Amino acid sequence: MQRLVRTARYLRQMSEHGADAATLHTWLVEKDGIDLPVLVVDGASFVDFDGFAREFSKLLCRYTWRGNLDAFNDILRGGFGTPEDGWVLQWQNSELSRTALGYEATIRRLEQILVTCHPSNRSVIRDRIATARRGEGPTLFDEIVEIIREHGAGGGESEDGVVLELA
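All residue numbers for the sequence shown refer to the numbering used here, where the first residue is 2 and numbers rise by one.
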């Protein structure tokens with residue numbers, strides 16, 4: 002019951018900040034006897050990482066995520082506009098996202114990081130770029146999914162209760 006009250010408070014909070022039902026992409030689902038809000042990201046709504054960041058930001062209340070993966074990790078803990086007591090992230094059309102956030106997107110992102118990273122990190126970033134150019138190693142999609150799963154069952158931050166559904 003307490004989680005349902007918190008979920009209702011989250012939905013009311015989003016509504017108070019001007020989000021309508023279409024913008025929210027949010028509803029409740031019962032999972033293991035607990036009502037959880039479901040937040041939806043649609044892979045058909047973006048074609049690159051910046052688009053993913055914009056699409057994901059639509060789910061947040063009073064916060065815009067700009068694509069930093071460390072910040073993304075923090076957002077999943079709650080308090081940045083995501084529910085604080087567990088929620089479902091349903092990633093619709095995730096296969097489109099797997100392609101859009103594949104090796105080419107990974108290389109572009111790593112090349113951007115290379116420009117601004119500390120000089121001591123440049124060799125690591127160059128190695129990651131070379132690996133991605135060979136079509137090996139994790140893609141940007143893989144990194145994002147791994148971060149999300151870290152906040153769910155079996156992850157190091159499972160207490161956050163984030164359930165990822167790839168659809």
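For each residue, glycine too, the CB sits at the ideal point set by N, CA and C. Remember, predicted model here, so these are calculated numbers, not experimental data.
Residue state for Asp-49 is assigned as coil, using DSSP reduced to three classes. DSSP places Glu-147 inside the alpha helix (DSSP H), whose first and last residues are 141–151. Sequence-distant Cβ neighbours of Arg-134 in its own chain, meaning closer than 8 Å and more than five residues away, are Tyr-104, Ile-108.
Annotation for Glu-56: Val-42, Ser-46, Phe-47 place their beta carbon closer than 6 Å to its own, counting only its chain and skipping 5 residues before and after. Closest by C-alpha distance to Gly-68, out of Val-39, Leu-90, Gly-52, Arg-127, is Gly-52.
For Leu-60, the three-state secondary structure derived from DSSP is coil.
Shown here, Pro-38 sits in a strand according to DSSP, grouped into three states.
Looking at the DSSP output, Trp-88 shares a beta bridge with Val-163. Only residues of its own chain outside the window of five on either side were considered, and among them Val-164 have a CB closer than 8 Å to the CB of Ala-154, listed in chain order. When rounded, the separation of the alpha-carbon atoms in Gly-138 and Thr-132 is 6 Å. Distance from the CA atom of Arg-150 to the CA atom of Leu-77, rounded to whole angstroms, is 10 Å. The Cβ atoms of Arg-99 and Leu-115 lie no closer than 8 Å to each other.
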